[in-house]
Amino acid sequence: MRHILKKKTAAVFLLAAAASLLLTGCTERQDVENAYSLYDTTAAYASANDGSSDSDLSLFAADLCVGGTENTESDSVIADCVESAAVFVVDDAEITYAQNIYEKCYPASTTKILTAYIALKYGDLDEVMTVSDAAIDDLDPSSSVCGLQKGDQITLRNALYGLMLCSGNDAANVIAEAISGSTEDFADLMNEEALALGATHSHFVNPHGLPDDEHYTTAYDLYLIFQEAVQNEDFVSIISTLSYDASWLDASGNTVTQTWTNTNGYLTGKYAQPDGITVIGGKTGTTSAAGYCLVLYSMNETSSPVISVVLNGNSRSDMYKIMTQMLDAFGNE
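Quick note, the sequence shown lines up with residues 594 to 926 if you use the working numbering.
Have a look at this one:
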C-alpha cells in the first residue's frame with residue numbers, strides 16, 4: 594500500500610512542479626547531465642520502477658473532471674452568496690459550473706468525508722472501539738457530537754453513521770484513534786491519502802473539521818476525495834441513509850441506544866430537490882469560520898453521477914439555494 598501511495602505522490606509532485614513553471618513564467622533553459630527525459634522515457638521510467646508493463650500504465654486524471662481557473666458566467670446562479678462552488682458531471686468528466694474551485698477554504702465537517710473514506714479503506718466495520726478520554730475531553734460540548742462517553746464500546750460501523758449522519762466530532766476522534774493510534778497520526782494519514790488522490794491544495798490537522806489555520810481544502814480537492822469515497826458501496830449506503838438506530842455498550846456494560854437523523858436537507862425534505870436531479874446523499878458542514886458547506890452526490894436525468902460542492906455559504910438557506918440553482922442549470926448538461 595505504501596508503495597502505491599509513493600507512486601501516486603511522485604506523480605502529483607511532478608505535475609505540481611510543471612504547473613509552477615508555467616505560472617512563474619519562462620526561465621532560461623539549462624542542460625542537466627543524466628536528465629530524466631519526460632517525453633521519451635515516461636513509460637519506461639515507470640515500468641522500471643514498479644515492474645509493470647506499458648499496457649498496465651494509465652494517466653492519473655484519465656477519468657477525472659479537469660478544468661481551468663476561469664469562473665462560470667451565469668445569470669442562473671447567485672454567486673455572491675458563497676465563496677466557492679462547483680458541479681462535476683462524473684461520466685462526462687466535465688466541470689459544468691465553477692466558482693473559485695481552487696481557492697483554499699475551511700471545510701468544516703466536510704472533512705469527515707476523508708475520515709470516513711480512510712476508515713472504510715483501512716478499518717473493519719465490525720471492530721469494537723473503546724472511547725478514550727482524549728477522544729472527547731478536548732471537544733467543545735456545544736459542538737456537533739453524537740453522544741459518546743468515556744469507556745463506551747462501539748463498532749466502527751455504528752461510529753461511521755454517527756460521523757456522517759449527525760456529524761459527530763466525538764465519533765471522528767474515536768475512529769481516528771482506532772485507525773492510527775492518535776488523532777495526530779491520523780491527520781498525517783489524511784494528508785498522505787489526500788495527496789495520493791491529487792488533492793494538492795489541502796491540508797488537514799484533525800479528523801472532524803473544527804477550525805484551524807492549517808486545516809483547509811478546495812472545492813476541487815473535495816471533489817477528488819468524494820469521487821474516490823463514493824466508489825465504496827458502504828460509504829454510499831451510509832450517506833444515503835435518512836435515519837439510523839445505533840446501539841453500543843457503555844463503560845458499565847449497559848446498552849445505549851440513539852437514533853441519528855441525516856443532516857442533509859434534501860433527504861429530510863426540508864428543501865426541494867433540484868429539477869431532474871435525484872439526490873443520493875452527501876455531507877454538510879458548518880462553523881463560523883467555514884460558513885455553510887455541502888458536498889452532494891446525485892444522479893441526473895441520464896443516470897449520470899453528479900458531484901456538487903458549495904463552500905462558505907452565507908447561510909444555510911443560501912447554501913441550499915445556490916446548490917439548487919447550480920444543479921437546475923448545470924446538473925444535466
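From the three backbone atoms N, C-alpha and C, an ideal C-beta is built for every residue, glycine too.
Taking the Cβ atoms as the reference, residue 753 lies roughly 6 Å from residue 712, within the contact range of under 8 Å. Shortest Cα-Cα distance from residue 767 to any of 699, 747, 877 involves 747. Residue 893 is a Cβ neighbour of residue 869, given a cutoff of 8 Å. A distance of 8 Å or more separates the beta carbons of residue 814 and residue 801.
If you ignore the 5 residues before and after residue 750, its C-beta comes within less than 6 Å of the C-beta of 718, all in its own chain and listed in chain order. Runs of alpha helix (DSSP H) with 4 or more residues, each lying fully within the segment 663-721, are found at 705-715, listed in chain order. Counted as a single uninterrupted DSSP element, the beta strand (DSSP E) harbouring residue 890 occupies residues 884-892. Remark: fewer than three beta-carbon pairs, one from each stretch, lie closer than 8 Å, so the segment 758-767 and the segment 663-672 are not flagged as touching. Counted as a single uninterrupted DSSP element, the beta strand (DSSP E) harbouring residue 839 occupies residues 836-842. Rounded to the nearest angstrom, the Cβ distance from residue 828 to residue 701 is 19 Å, too far for a contact under 8 Å.
The criterion of a C-beta distance shorter than 8 Å is satisfied by residue 736 and residue 803.
For residue 903, the enclosing beta strand (DSSP E) has its first and last residue at 898-906. Cβ contact annotation for residue 923 (same chain, cutoff 7 Å, sequence separation greater than five): 680, 689, 690, in chain order. For residue 876, the enclosing beta strand (DSSP E) starts and ends at 871-880. By DSSP's assignment, residue 809 forms a beta bridge with 796. Of the candidates 727, 686, 777, 831, the residue whose Cα lies closest to the Cα of residue 874 is 831.
With fewer than 16 other Cβ atoms from the protein chains shown falling within 10 Å of its own Cβ, residue 826 counts as exposed. Fully enclosed alpha helix (DSSP H) runs of no fewer than 4 residues occupy 762-773 of the segment 755-784, in order along the chain. Beta-bridge pairing by DSSP links residue 747 to 722. Under the three-state reduction of DSSP, residue 895 is assigned to coil, being neither helix nor strand. Residue range 848-854 is occupied by the beta strand (DSSP E) that includes residue 849. Residue 879 is positioned such that its CB atom lies no closer than 8 Å to that of residue 758. The alpha-carbon separation between residue 844 and residue 741 amounts to approximately 11 Å.
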